[in-house]
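Be aware that the sequence shown starts at 265, since it is given in the numbering used here, and climbs by one per residue. For every residue, glycine included, the Cβ atom is placed at its ideal position computed from N, Cα and C. One structure is given below, encoded as structure tokens.
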Amino acid sequence: FENDHEKTFRAPKAYPEQSMAVAATHDLPTLRGYWESGDLTLGKTLGLYPDEVVLRGLYQDRELAKQGLLDALHKYGCLPKRAGHKASLMSMTPTLNRGLQRYIADSNSALLGLQPEDWLDMAEPVNIPGTSYQYKNWRRKLSATLESMFADDGVNKLLKDLDRRRRAAAKKK
265 FENDHEKTFR
275 APKAYPEQSM
285 AVAATHDLPT
295 LRGYWESGDL
305 TLGKTLGLYP
315 DEVVLRGLYQ
325 DRELAKQGLL
335 DALHKYGCLP
345 KRAGHKASLM
355 SMTPTLNRGL
365 QRYIADSNSA
375 LLGLQPEDWL
385 DMAEPVNIPG
395 TSYQYKNWRR
405 KLSATLESMF
415 ADDGVNKLLK
425 DLDRRRRAAA
435 KKK
């Protein structure tokens, strides 16, 4: 998700066509981890943020970014109108998770990258840049087997929704 210094997020249609839209990668927190600031909490535990003032600033920036992102999700029709409008009062829900993935699915980008961890609503990252012995990078497993993940009604509903939105976005080009 791209934003400016005021935490206003770029419209999905404003993404360049010759780009890849992703909400997360192996080096970023999962959607749940991001929304709950679990990456910051884990970073503190691992000693990545020894300065409390810096860490406090990161938490404040995250809260501003979450509100900006929530505003964008509503503005661009990625969440139902009944969904909450105050990020500080919202926990990660299946509706919010789907809305975040819809946002990038609606992008103008030619490529879309999705993370199975986000389909499964996982919180822990697979990798934490800047660590070696502090965190078991690349050893965390998915919370479900591929067979059970693709047999899950919720995962299949999400993927069908995202596919439908990608096809609709492509037709509007």
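Going along the chain, which residues of its own chain have a beta-carbon closer than 7 Å to the beta-carbon of residue i, five neighbours each way excluded?
i      : result
Tyr340 : Ala275, Pro276, Tyr367, Asp370
Thr272 : Gly332
Under a three-way DSSP split, which group does residue i fall into?
i      : result
Phe273 : strand
Asn361 : helix
Leu384 : coil
Ala288 : coil
Asn391 : coil
Asn420 : helix
From what residue to what residue does the alpha helix (DSSP H) around residue i run?
i      : result
Met413 : 410-415
Ala336 : 316-339
Leu306 : 302-309
Leu343 : Unbroken run through Leu343: none, as it is neither H nor E.
Leu295 : 295-299
In the DSSP assignment, the beta strand (DSSP E) including residue i goes from what residue to what residue?
i      : result
Gly377 : 375-377
Tell me which residues share the same chain as residue i and place their Cβ nearer than 6 Å to its Cβ, disregarding the 5 neighbours each side in the sequence.
i      : result
Glu381 : Thr294
His290 : Val390, Asn391
Leu322 : Leu304
Ignore the nearest five residues each way along the sequence and tell me which others in residue i's own chain have a CB closer than 8 Å to its CB.
i      : result
Arg429 : Arg366, Ala369, Asp370
(message) Under 8 Å: do the region 401-408 and the region 339-355 share three or more Cβ pairs, one atom per stretch?
(response) no
(request) Decide yes or no for the touch test of the region 278-287 against the region 372-381: beta carbon pairs closer than 8 Å, at least 3 of them. (result) Enough Cβ pairs lie closer than 8 Å, so yes.
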